[in-house]
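Data block below; observations after.
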Amino acid sequence: MVKGHMLPLLHFATALSTQHGRLRVTLVTTPGNVAFARSRLPASVGLVALPFPSFPPLPEGVESTDALSCPSLHLMFMHTTGLLRGTFAEFLAALPSPPLALVSDFILGFTRRVAADAGVRRIVFNGMSCFASAICKALAASPPASFEPGTMIQVPGMLEHVAVRVEEVLDGVTKRADPDNPFTRFFMDEISDSDVRS
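Sequence positions in the sequence shown follow my numbering and run 10 to 207.
What follows is the structure in structure tokens.
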């Protein structure tokens, strides 16, 4: 439900459905994202829309981060996606047979538990490049003493020439050193564990 996350997943779903003719691929999304997804998918990919949960003060009808009225609602939006857990579990249970695998965006950590309860393998999907993901993981595992704006950071565990500007590092990584930060708690509680177990 973040366009930058959806596009790589749509490309992946397309590749699976067109290159492996025996696989039946179904994309699960919400009603507000169906048109965006359908316009970028071949007819061979099935589409299922689960109702997006209502969670005030998140405005009604907002089902994608590009529709948020202000950045301060982003964390609330991410928490709200977790409320899809029950509906998603019901969807999996209603299938005539369990899927071969569930491929889920890394942000949707709740899908790991749902898949495990249904006896389905969850494969975590991260649309970032492997290099960018490795940098984020390295900085999260061994954060520098400070993330002072305008400075360059040597990435631990990588060659000396691998350095990034602080402004290029995701907020979820730069704020991870603060256990009281809501983004840190979300990433630790909802994403990190499900990534490792997927």
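Ideal placement from N, C-alpha and C gives every residue a C-beta, glycine not left out.
query, result
"In the DSSP assignment, what residue or residues form a beta bridge with residue 162?", "173"
"In three-state DSSP terms, what is residue 136?", "coil"
"On the premise that residue 98 lies in contact with residue 126, defined as a C-beta separation below 8 Å, what is that separation, rounded to the nearest angstrom?", "7 Å"
"Within this structure, are the beta carbons of residue 54 and residue 22 separated by less than 8 Å?", "yes"
"How far does the beta strand (DSSP E) with residue 114 in it extend, from its first residue to its last?", "111-114"
"Taking the alpha helix (DSSP H) that residue 89 belongs to, which residues open and close that run?", "83-90"
"For residue 207, count neighbouring Cβ atoms within 10 angstroms of its own Cβ and tell me buried if that reaches 16, exposed if not.", "buried"
"Check for me: the beta strand (DSSP E) holding residue 39 runs from which residue to which?", "Segment: none, residue 39 is in no beta strand (DSSP E) and carries neither H nor E."
"Taking only the alpha-carbon atoms, compute the straight-line gap between residue 91 and residue 70 and give it to the nearest angstrom.", "16 Å"
"Grouping DSSP H, G and I as helix and E and B as strand, with all else coil, what is residue 52?", "coil"
"How would you label residue 140, buried or exposed, when you count the other beta carbons within 10 angstroms and need 16 or more for buried?", "exposed"
"Looking at residue 15: is its Cβ nearer than 8 Å to the Cβ of residue 46?", "yes"
"Using DSSP with H/G/I as helix, E/B as strand and the rest coil, what is residue 205?", "helix"
"Nearest by alpha-carbon distance to residue 73: which of 44, 146, 12, 94 is it?", "12"
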